[in-house]
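Visitor: The structure is given below, and queries will be raised subsequently.
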Amino acid sequence: MRPPANTLLPPNFERLKKERLERLKERLRNKLEDFELTQIVLDRKVMDYNKQLDQLKNKINLVSYLPLREKLEKQHNGLKDERDAAYKEYLEFKNNISTIINDIDELDLVLNRFMEAVEELSE
């Protein structure tokens with residue numbers, strides 16, 4: 265004969281469920297803080313490149329000596345390429361964050377369904 269369904273679950277199931285969810289929430293909070301800090305760093309990196317490009321462009325406009333002007337323009341183009349690469353990295357990071365957030369939402373739904381199914385089986 266099968267034991268009653270409510271005895272299939274450990275007696276501390278509710279506490280374990282809450283503790284697990286709290287640990288999961290804490291880990292997610294920590295990851296989100298890490299993501300926010302990384303986003304700030306990448307954003308700052310792009311802003312610094314933009315500032316350097318503006319300063320270099322102002323120097324180019326003031327220089328009339330052709331060899332120096334060409335050298336500064338070459339620097340400007342190289343810096344622009346670096347800025348574009350940093351901006352691409354920033355956009356990829358933001359896209360990855362969006363994907364992770366969607367995955368977290370899906371995992372949350374699956375976890376909720378699983379917990380509901382476990383509770384139904386225990387009744």
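Each number in the working numbering comes from the position in the sequence shown (counting from 1) with 264 added on. The beta-carbon is built from N, C-alpha and C at its ideal position, and this holds for glycine as well.
1) I364 and F299: beta carbons closer than 9 Å?
2) Buried or exposed: Y329, going by 16 or more other Cβ atoms within 10 Å of its Cβ?
3) Within this structure, are the beta carbons of R347 and N314 separated by less than 9 Å?
4) In the DSSP assignment, find the alpha helix (DSSP H) that holds Y354 and state where it starts and stops.
5) Please determine, among E356, A350 and D318, the residue with the shortest C-alpha to C-alpha distance to Q339.
Guide: According to the data block:
1) On the sequence shown, residue 364 is found 100 positions in, with the first residue counted as 1. On the sequence shown, residue 299 is found 35 positions in, with the first residue counted as 1. Contact flag set, yes.
2) Here residue 329 corresponds to residue number 65 of the sequence shown, with the count starting at 1. Classification of Y329: exposed, given that the 10 Å Cβ count is below 16.
3) One-based indexing of the sequence shown puts residue 347 at position 83. One-based indexing of the sequence shown puts residue 314 at position 50. Yes, they are a contact pair.
4) Numbered from 1 along the sequence shown, position 90 holds the residue referred to as residue 354. Y354 -> alpha helix (DSSP H) spans L330 to S386.
5) Position 75 of the sequence shown, counted from the start, is the residue given in the question as residue 339. Of the listed residues, the one whose Cα sits closest to Q339 is D318.
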